[in-house]
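Chains as they are written, first to last, in numbering that gives the first Met the number 0: chain A, 0 to 263; chain B, 0 to 366.
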Amino acid sequence: MTFGITLRNLPAIAYAALLYGFIFLPVIVLVLFSFQASRVPIPPFNGPSLKWYAAVFADARMMDALLNSVIVALVSSTASVGLGFLAATALARHRIPFAGPIRALLTAPLTVSYLIIAMGLLITFNAIGMPKSLLTIGIGHVVINLPLCFAIVYSQMGAHQAHAERAARDLGAAEWQVLLLITAPMLWPALFASFFLSVTFSWDEFIIAFMVSRFDVTLPVEIWSMLRSGLNPKTNAVGSLVFGVSIVAVLLLDFAIFGRSKRR
Amino acid sequence: MTVPAVEIQRVTKRFDQTVALDGVTLTIEAGSFVVLLGPSGSGKTTLLNILGGFLEPSAGRVWIGGADVTFVPPAKRPTTTVFQDYALFPHMSIAGNVGFGLAMRGVPKDARRARVAAALEMVGLPGLGGRRVHELSGGQRQRVALARALVVEPQVLLLDEPLGALDLNLRRQMQDELIRIQKRVGTTFLHVTHDQDEAMSIADVIVVLNRGRIEDVGPPDRIYLRPATRFTATFMGETNILEGRVVEARGGRGRVETALGTLEADGEATPGTTVHLSVRPEQIVQQADPGADPDAAQPLGAAEVTEAGFQGTHLRVRARCLDADGGADGGADGLELRLRLAQDSAIQPGARLNLAVKREHLVLLKD
């Protein structure tokens with residue numbers, strides 16, 4: 000089969016070009032003007048220059064926010080995967096009353112908008128007198144990522160693992176040993192994938208982080224407050240950094256899901 | 000008096016509406032190779048799962064090595080299982096798989112390594128401990144599963160149709176290996192299968208199960224030659240079943256009136272009742288001169304061959320019984336017998352045979 004450009008598939012190529020252009024042009028522009036040498040990120044492009052990246056790394060508030068984002072992403076993703084894994088194990092391996100409604104309730108937050116979740120969390124935290132902090136942001140991110148982790152892990156729990164778990168019990172493994180030595184390692188790709196998906200979602204999540212934070216903020220919130228003082232290539236630089244980290248996480252995710260099939 | 004390896008008392012298992020096991024009572028002697036044999040749905044796997052602790056009986060009790068284990072979870076039982084699909088751990092090496100049970104029992108690493116190596120050697124896979132599961136063939140995985148289950152020295156090894164996925168030659172080979180290994184370790188083996196040939200070639204004792212009940216328990220030759228029930232007779236290979244009425248019973252012998260004449264058979268019977276007689280195809284013989292030597296064999300009359308197929312070791316023949324006058328109508332009409340004749344007998348459809356059977360080859364069946 001050849002994929003040479005012919006008149007026949009020209010419309011298809013044009014369509015693909017438009018599609019990818021529409022998706023990626025804003026990102027390309029953002030990244031391009033982060034290397035701008037002048038003070039405004041608008042054409043014409045004059046550069047390249049790394050001075051705005053230097054400015055980002057010199058900005059203590061920005062670096063604090065970056066560190067906060069990393070902590071929130073890693074901790075909330077670990078919690079989401081752990082809880083999702085336990086929930087999936089319970090629902091896939093044990094007969095529990097009302098399993099159907101419980102499963103529906105666990106995945107329901109996927110359908111609720113982040114704004115509504117953020118408002119709900121804000122009201123709840125106020126009502127119980129919990130101060131806004133990184134912890135409240137983390138809780139918010141567990142709320143949005145747990146359903147996803149649960150759904151991914153649950154979908155990967157098949158008869159294959161169930162048989163191996165049964166064999167482990169037969170050989171004398173206690174329940175926690177079965178989970179730790181058999182179930183989790185056999186679900187490794189699903190756990191890895193849901194962890195990195197959670198990390199990407201937590202990393203650039205804005206609305207919840209904005210509404211339930213006060214002094215300690217994450218990177219998207221910090222960028223937002225920076226944007227209020229006008230456009231500046233520094234915002235492009237930090238935006239490119241955020242984007243770069245997301246790309247790395249997605250690549251790891253891809254490796255976890257598709258790398259497995261190659262190794263088989 | 001030695002304690003039996005397994006004692007099962009009136010075990011019943013219900014799944015919603017269906018009864019998988021119906022009051023099964025069975026004692027298994029330590030060190031024996033027992034085969035649970037039955038068609039699918041007979042409850043044999045359910046019984047194995049109850050022994051392994053994967054299912055709890057709805058009623059009844061189970062003792063293993065004299066201890067009541069009815070509600071003991073699998074991890075705490077002195078049993079291990081070789082599963083039908085082997086259920087090896089794909090993320091561990093072969094040594095990791097075999098050593099898993101020992102690790103769970105807290106055996107230190109050095110002792111573990113030595114015992115894993117010995118177990119792999121015993122199943123004919125020396126030095127393969129470093130391989131991964133996906134690098135092994137089906138037969139090798141089977142051996143790993145066996146080593147993994149045996150290395151922890153269980154009191155009873157449960158085998159759930161472990162040879163089902165192997166091809167015929169490999170299955171024969173593994174059957175011999177299983178017998179050899181069982182003799183060597185002396186562990187009680189409880190093996191589930193639906194394959195009669197497999198059961199006969201490996202078992203010390205066969206337990207025939209049908210619809211949740213035990214039909215027959217005994218050594219293979221007895222089960223095959225003197226089946227206790229009609230189900231056992233038909234399930235353990237081909238047989239001919241003759242219906243008849245008991246006309247006389249005396250001294251552990253019965254005279255039964257059948258469509259092929261009055262036949263004498265060993266077994267208890269009550270005069271006036273309807274019974275079934277079983278005779279194996281290879282036990283029906285040709286009688287050159289009807290009426291000659293009546294003590295040696297009882298005549299079954301003449302029959303016409305309708306089908307003859309060469310099977311290698313024998314000739315598989317179907318024959319339609321004929322009346323005494325040679326016609327194909329009357330008492331014996333429509334009755335078909337299956338025969339196994341000598342491979343060189345060169346019999347064609349249409350040939351007429353005079354058939355006979357010895358008294359000791361006729362089995363009086365309980366229904």
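Note that the Cβ used here is the ideal one computed from N, Cα and C, for glycine as well.
Note that the structure is predicted; figures quoted are calculated from it, not measured.
Residue i versus the options, residue with shortest Cα-Cα distance
i: residue 337 (chain B); options: B:240, B:155, B:261, B:163; result: B:240
i: residue 176 (chain A); options: B:175, B:100, B:114; result: B:100
i: residue 160 (chain A); options: B:335, B:85, B:283, B:118; result: B:85
i: residue 308 (chain B); options: B:302, B:301, B:316; result: B:316
i: residue 242 (chain A); options: A:201, A:110, A:178; result: A:201
i: residue 164 (chain B); options: B:154, B:81, B:244, B:17; result: B:81
i: residue 270 (chain B); options: B:249, B:282, B:286, B:283; result: B:249
i: residue 142 (chain A); options: A:185, A:188, A:52, A:74; result: A:74
i: residue 346 (chain B); options: B:359, B:302, B:356, B:361; result: B:302
i: residue 167 (chain A); options: A:185, A:217, A:49, A:144; result: A:185
i: residue 369 (chain B); options: B:77, B:359, B:52, B:78; result: It is not possible to answer for residue 369 (chain B), since the shown part of chain B is limited to 0 through 366.
i: residue 210 (chain B); options: B:178, B:36, B:4, B:268; result: B:36
i: residue 167 (chain B); options: B:58, B:285, B:197; result: B:197
i: residue 178 (chain A); options: A:123, A:235, A:163; result: A:163
i: residue 67 (chain A); options: A:218, A:248, A:246, A:249; result: A:218
i: residue 104 (chain B); options: A:221, A:173, A:250, A:144; result: A:173
i: residue 256 (chain B); options: B:191, B:32, B:87, B:363; result: B:363
Per-residue burial, residue i [other beta carbons within 10 Å of its own, 16 or more giving buried]
i: residue 262 (chain A); result: For residue 262 (chain A), the predicted model reports a pLDDT of 45, less than 50, meaning its position is unreliable; a value from the coordinates is still stated below. So residue 262 (chain A) counts as exposed.
i: residue 223 (chain B); result: buried
i: residue 253 (chain A); result: exposed
i: residue 43 (chain B); result: buried
i: residue 182 (chain B); result: exposed
i: residue 0 (chain A); result: Bear in mind that a pLDDT of 48 at residue 0 (chain A), under 50, signals an unreliable position, so the number given afterwards is only what the model happens to contain. Exposed, because fewer than 16 other Cβ atoms sit within 10 Å of the Cβ of residue 0 (chain A).
i: residue 6 (chain A); result: exposed
i: residue 107 (chain A); result: exposed
i: residue 342 (chain B); result: exposed
i: residue 11 (chain A); result: exposed
i: residue 232 (chain A); result: buried
i: residue 97 (chain A); result: exposed
i: residue 23 (chain A); result: exposed
i: residue 261 (chain B); result: exposed
i: residue 110 (chain A); result: exposed
i: residue 123 (chain A); result: exposed
i: residue 185 (chain B); result: exposed
i: residue 79 (chain B); result: buried
Interface partners of residue i on chain D, CB under 8 Å
i: residue 122 (chain B); result: In the structure shown, chain D does not exist; the protein chains are A and B.
Run of the beta strand (DSSP E) containing residue i, from where it starts to where it stops
i: residue 239 (chain B); result: 239-249
i: residue 12 (chain B); result: 5-14
i: residue 24 (chain B); result: 17-27
i: residue 190 (chain B); result: 187-192
i: residue 309 (chain B); result: 297-309
i: residue 260 (chain B); result: 260-265
i: residue 285 (chain B); result: 283-285
i: residue 359 (chain B); result: From DSSP, residue 359 (chain B) is part of no beta strand (DSSP E); its letter is neither H nor E.
i: residue 59 (chain B); result: 58-63
i: residue 74 (chain B); result: From DSSP, residue 74 (chain B) is part of no beta strand (DSSP E); its letter is neither H nor E.
i: residue 413 (chain B); result: For residue 413 (chain B) there is no data in the structure shown, the boundaries of chain B being 0 and 366.
Run of the alpha helix (DSSP H) containing residue i, from where it starts to where it stops
i: residue 170 (chain B); result: 167-184
i: residue 96 (chain B); result: 93-103
i: residue 221 (chain B); result: 219-224
i: residue 25 (chain A); result: 9-32
i: residue 135 (chain A); result: 133-154
i: residue 209 (chain B); result: No alpha helix (DSSP H) contains residue 209 (chain B), which is instead part of the beta strand (DSSP E) from 204-209.
i: residue 115 (chain A); result: 113-126
i: residue 165 (chain A); result: 158-169
i: residue 174 (chain A); result: 174-177
The segment 85-94 of chain A in contact with the segment 145-164 of chain A per 3-pair CB rule at 8 Å: yes
Within 7 Å of chain A by C-beta, residues of the segment 100-119 of chain B in sequence order: 100, 103, 104
Sufficient close CB pairs (3 or more, under 8 Å) joining the segment 59-67 of chain B to the segment 134-142 of chain A: no
Selection of the segment 228-245 of chain B by Cβ proximity to chain A, strictly under 8 Å: none
Chain A contacts made by the segment 147-181 of chain B, where a contact means CB separation under 8 Å: 147, 148, 151
Touching by the beta-carbon criterion (3+ pairs, under 8 Å), the segment 226-233 of chain A and the segment 5-23 of chain B: no
Residues within the segment 71-82 of chain B neighbouring chain A, beta-carbon criterion of under 9 Å: 72, 73, 74, 75, 76, 78, 79, 80, 82
Interfacial residues, the segment 182-197 of chain B to chain A, with Cβ spacing under 7 Å: none
At least three beta-carbon pairs within less than 8 Å, the segment 64-80 of chain A to the segment 199-216 of chain A: yes
Contacting positions in the segment 182-194 of chain A - beta carbon closer than 9 Å to chain B: 184, 185, 187
Chain A contacts from the segment 35-58 of chain B (Cβ-Cβ distance under 7 Å): 51, 53
Chain-ordered residues of the segment 1-23 of chain B with a beta carbon less than 7 Å from chain A: none
The segment 125-141 of chain B / the segment 18-26 of chain B touching (three or more Cβ pairs under 8 Å): no
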